[in-house]
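Residue numbers (the working numbering), protein chains in the order written: chain A, 284 to 813; chain B, 343 to 1087.
Glycine residues also receive a C-beta, built at the ideal position from the N, C-alpha and C atoms.
Note that the structure is a prediction, hence the values are computed from the model and not measured.
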Amino acid sequence: MREFLLSVGYDRWILPVLLALPLIGAAAVLVSGRGASGGDEVATGAAARPRSLATWCFGLEFLLSVGLWWAFDPGTSGWQQRFDVAWIPSWGARFTLGLDGISLMMVLLTTFMMFLASLGSWTSVRQKTAAYYALLLVLTAGMLGVFMALDLFLFYVMWEVMLVPMYFIVGIWGGQRRIYASLKFFIYTMIGSLLMLVGIIYLGLAARDPLAAGVPNFSYDAILSTVHLEPTVAAWLFGAFFLAFAVKVPMFPFHTWLPDAHVEAPTAGSVVLAAIMLKLGTFGFLRLAVPLFPTAAMSPGIRGAILTLAVIGIVYGALVSLVQPDFKKLVAYSSVSHLGFVMLGIFALTVQSVQGALMVMINHGLSTGALFFLIGMIYERRHTRMIAAYGGIAKVVPMFSAILVFVSLSSIGVPGTNGFVGEFLVLLGSYRTYPILAVISATSVIIAAAYLLWAVQRILFNPLDKPENEHVPDLNRRELALLAPILACIVWLGVYPAPVLRRMQPAAEQFVRLVETRLAPPATLSARGR
Amino acid sequence: MLLQHAAATGAHPLSDTVARFVWLLPLLPFVGFVINGLLSLTSAYKAGPSDPSAAHDEAHAAVSHESEEHGAPGDDHHSIARHRSAGLVSLVGPGVLVLAFGLALAIFAAMRGVGEMHAPFVQQYFSWMPVGDLQINAAFQLDQLSMVMVLVITGVGMLIHVFSVGYMQDDPGYPRYFAYLNLFVFFMLVLVLGANYPILFIGWEGVGLCSYLLIGYWFSDKANADAGKKAFIVNRIGDFGFLVAMFMLFANLGTLDFVSVNAAASSLGAGSVLVTVICLFLFLGCAGKSAQIPLYVWLPDAMAGPTPVSALIHAATMVTAGVYLIARSNALFSLAPSASLTVVVVGSVTAIFAASIGLKQWDIKKVLAYSTVSQLGYMFVAVGSGAYVAGMFHLMTHAFFKALLFLGSGSVIYAMHRAYHHTGKHDDAQDMRNMGGLRTYLPITWALMWAATLAIAGVPPFAGFFSKDEILGSLFARHEGSALAQAHFLGIPGNIVILSCYVLGLATAFMTAVYMTRMMLYTFHGPNRTGDREREHLAEAPWVMTGPLVALGILSVVGGWFNLPGIIPAGPVGVLEHWLEPIVGESTLRLTNGAPAEIAHSTELMLIGVAVLIALAGIALAFVRLKPERLVPASASPPEHGVEEVLLNKYYVDELYDAAIVQPIVATSRSLLWRGIDVGLIDGLTRLFLQSKDDDSAPGAVRMGGLLPRSLGWFGSQLQSGQVGTYAWVLVIGMLFVLGAFSFR
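Put into structure tokens, the structure is as follows:
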């Protein structure tokens, strides 16, 4: 497989093609939707062309990206499939793309989940479908760009490109309070990213080549190797990046935009938010905030504070989930808890905990994505997300119920499913550096079981006592087909995660080593001084 | 799945025998699970319409007329509608267990064939979690200890599967039931065959999952669904302990494989705080799974599941996993005498506590449930005092007689149900006050259950006598000179603790005899209280159910011969002892400080005599004091008061937990964390910034103050205007421009 891919030059063209395809697709979708009358386009049939065109586009995108699995060489660290052209020379910005094990898995997760998200919008988005699918495609390009960018300016542009479509998706196709939710989402993330822009410009100027007439240099590798900052400057810059990413993760106490955005967003919006966009925050820590400013990020005060916030998030998110009457909000708060695990894993800084954090990122994308799909499906049938509105429907919708139970189990980390592998590795690794925090975080396995199983019980089990639930139709074949690949991945990553771990291993090791070596010199010096 | 023998294990004597198919053991029930699960799902699944939101209203009208054939919701417990794939399920479900048991016997024969085996037979399949210096492999290990467990699980499991064919055949969820049951056996085998702690943990949580699914099998009843959920969550508290223990082991030893952990265990330091804490966390896990104080509360509620499930999962196999875990970790526990002593104390206190509750229960299954908790306490006394063989021995005999008791009660309940069904009566088919005199109608069940009762009460020569006697004898022997006697529990010297626990053990034996005899008297003796019309329909269950009872009855009688004590040489002595010696011998010696476990023959005879007398006294007392003829049916019974009320309500522990733990957590989460911090504080600050007066109002009501909010507000209102396509176009073109404009010059 690898030989074939290399023979067609896959390594050289794949990344820019993955970026361009959704954009071309978006334009085509918009064209295909011309002349739609508005109103319920699913019923009138006007939605048929844009949505199938978009789905084909997402499918092709996913198929193309799958080749990366083989084309990527797990044995080496360093960038692969690198693509580099001049872009805006006067600003020193280059169009540089590349992958390591971390971004590889994130790219695959994105193309995979976006394909399913478009399939999942089939009948749930009924108005202005062409614009909707076009935005979804632009969003995809933006997210992929963030994962691939090796130029900080490009990273920033992609970061913004992905925010705007999401804002529209929540604001136009959302629920009752969509304007409030989308504004909250926009303001929270915008403030963070503006600060990041300042930081990026500072870094670009600091890395400029004195011979190149003062043109800034935004190259990630160059900044990483040449820029050495004063501790106070590093701390300020880290702060700027921290805010941008912490909001996105979201870390406690910057998380309150998330429940609102999730609840109001249309199904696919929630799926994309949970499955991919939250990962952009933790990805930002892994790619930028920590490696660029290791001394600041890992200074005892800041590291301790972030770890504390992470652990608070883990327990707090789980406890707040426990009492949510709205199933979607419950899952949203559980995301706060899951992403807390990722932050704990990153800042505990052992190979196991970082690998675990990466696994949690993938797993959360799959499991929580699936949960949001399921909520969307039942919402389409009953038009309510309130847990109390259900009860006993396992009799009526057995397939839906079986899948919901299964996905819930993966979300609470039952071994044999993907959820366990991630949480186990994070906790095992964190115990080596922060035993107390790891033990506190491990209590969330109890609360997680409580909140999800309680919700599952109130929805699926108990007496079927509401007449309006007695004739809810079960999942249709399209819905089944869209969930099946996620279920397969849940089992695969739970039983045989080694191939994924192996691909991420060099990147995770390099992350730990990079940070440790940049922390080490002062320590050895002071040791020698004594 | 790539099957590769590691070089080191390639030379193992078992590698050329049938034992190389050990992976087939769990695979068989897994195949059963897949087949039954697919049958269940495909028969229940009716694909919904392609556009669910549009079709909902029409569907409402379309399907309303077929609701009759589904029966009334929540009533399928009673409705008789045999599943259309029942035949295939009855073949596959028990069939895979028969095959697995056959294979287990073959492997057992092979193990006996190779003679003394000092290293476990390990098969590595693939790398599960390879991360840095962490190497967790999907690997099975076969040794004498796992062999005993495999035989019990597949053997007793097979009998219970066969019984279930009769018991569950008229249940509409028949394939689902067998799917869960097969899945349980799969996980249970993974649990006992896993070659490292994480693989064991897969089985550990997996059996908990199946237990959850099966307790809540009749999920339309809130009580059942509650019970399942409670079991899972309480077990998770224990699993938390298990997880922490694994983290500590890995942080200190760098490995989680049994072989390597056992080899390196002594580097943790004998009697060190570290190894003690590890063992205590492990024991927290055991307390959850094996229902010991303070985590026993889920097991009595677990009786909500079908009765064969109670027999298999909540008596014979799963709940003994904690005992197995300690026996498996004997190298660690023998290094931590104070942790072992804690296990003894918790075990003996649980034993008497549960037995006392069992004295006053009216529900026949509740009596057996508390009896199980109590007997598990005995097993922990054994493994805690380093008598690992005695613990495993009691695990085995208990699996026989308790499975028999549960299946027997199942056959009683089955008969009661049928009788009620015929006349349409809706009384509690499990309340002993509604039974009485069943000896006449269910003579086989009656006789077999008496055999099991004598076994659990400890009357010679039934199975329980030998195993219980060995536990009490070993415990007594530890009170002098052993490492346990020198350790302390909460500052109390070990020898005093051990003697007190011994007394508790005797007292428990007395109570056991009383409550078991009470159960037999109330159920089978005296006049019948079922009702005049119902009585005519009481009858023995079909042979598919009575057959397994007979098999278990034989085992309950002769089970003691698996490990006869030296003092009663009525056959080969100490078979199990000899069999398990390579696994636990060293650890037992370490805990006894090298002293032989034997005590003087005269003392031993005296101890046995006392134990037997106590058991007989308990039975006699029950016969003399309890008057089944004075009982009235449950509906006519007066409420109880005083001690009886406290016992009937299980010392109000559930209420205590609810008030002291559950409610405060929920209330704090709701009012302080969510409404207070999240919505109140954090969003309150956000609102200050946004200058919005009311965020709960409809769109458009976000009132804006500052410049940024105002411009965003305008932006927001534009969203409403319908010019959406324009925005998308702007975005796409902008994006293409940004990406492409300068790229390809």
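The CB of Glu663/A comes closer than 7 Å to the CB of Pro394 and Ser395 in chain B, given here in chain order. For the C-beta of Pro780/A, the chain B residues within less than 8 Å are, from N- to C-terminus, Trp470 and Met471. Contact annotation: the segment 752-771 of chain A does not touch the segment 585-601 of chain A, with fewer than three C-beta pairs closer than 8 Å. Chain A has a Cβ within less than 9 Å of the Cβ of Tyr554/B. The beta carbon of Ser488/B lies closer than 6 Å to those of Val534 and Leu535 in the same chain, with the five residues before and after it left out. Listed in chain order, the alpha helix (DSSP H) elements of length 4 or more contained wholly in the segment 638-673 of chain B are 640-643, 649-653 and 663-670. Those residues of the segment 759-791 of chain B placed with their C-beta closer than 8 Å to a C-beta in chain A do not exist.
The beta-carbon of Met588/B is placed less than 9 Å from the nearest beta-carbon of chain A.
Note on geometry: alpha-carbon atoms of Pro648/B and Asn577/B lie some 20 Å from one another. Annotation: the continuous beta strand (DSSP E) that includes Met471/B extends over Phe463 to Val473. Per DSSP, Thr379/A is one residue of the beta strand (DSSP E) stretching across Ala376 to Leu382. Taken through DSSP and simplified to helix, strand or coil, His830/B comes out as strand. In chain order, Ile699 place their CB closer than 6 Å to the CB of Lys992/B, counting only its own chain and leaving out the 5 sequence neighbours on each side. When 7 Å is used as the limit between beta carbons, Gly699/A is near these residues of chain B: Ile544 and Gly548, in chain order.
In this structure, Ala432/A lies near Thr379/A, with their beta-carbon atoms less than 9 Å apart. Against chain B, the beta carbon of Ala677/A has neighbours under 9 Å at Phe561 and Ser562, listed in chain order.
Considered as a whole, the segment 451-534 of chain A harbours 461-489, 503-509 and 514-531 as its complete alpha helix (DSSP H) runs of no fewer than 4 residues, in chain order. For Pro436/B and Lys744/B, the gap between their C-alpha atoms comes out near 20 Å. Counting only runs of 4+ residues, the alpha helix (DSSP H) found wholly inside the segment 765-826 of chain B occupies 785-799 and 805-819, in chain order. Remark: C-beta atoms of Pro371/B and Val438/B approach each other more closely than 9 Å. A contact between stretches requires three or more CB pairs, one per stretch, nearer than 8 Å, and the segment 1013-1028 of chain B meets this requirement with the segment 600-611 of chain A. Phe526/B is positioned such that its CB atom lies no closer than 9 Å to that of Leu749/B.
When the Cα atoms are used, Ile455/A and Ser404/A turn out to be separated by approximately 14 Å. Per the DSSP secondary-structure output, Pro698/A pairs in a beta bridge with Thr700/A. Taking a 10 Å sphere around the C-beta of Ile909/B, we find fewer than 16 other C-beta atoms and assign the residue as exposed. Within chain B, the residues whose beta carbon sits less than 8 Å from that of Arg761/A are Ser392, listed in sequence order. The beta-carbon distance between Met887/B and Gly429/B, rounded to whole angstroms, is 18 Å. This is too long to meet the 8 Å contact definition. Here the segment 766-782 of chain B lies against the segment 872-879 of chain B, with 3 or more beta-carbon pairs under 8 Å apart.
Residue contact check for Gly627/B against chain A: no CB pair falls below 9 Å.
Distance from the CA of Lys572/B to the CA of Val510/A, rounded to the nearest whole angstrom, comes to 56 Å. In summary, the residues of the segment 593-617 of chain B whose CB is separated from some CB of chain A by less than 8 Å are Ala593, in the order they occur in the chain. Tyr559/B is positioned such that its CB atom lies closer than 9 Å to that of Tyr519/B.
Thr423/A and His656/B have their C-alpha atoms spaced approximately 50 Å apart. Considering only Gly705/A, Leu720/A and Ile742/A, the residue with the shortest C-alpha distance to Ala685/A is Ile742/A. At a cut-off of 9 Å, the C-beta of Met660/A has a neighbouring C-beta in chain B. With respect to chain B, the C-beta atom of Ser407/A has a partner C-beta closer than 9 Å.
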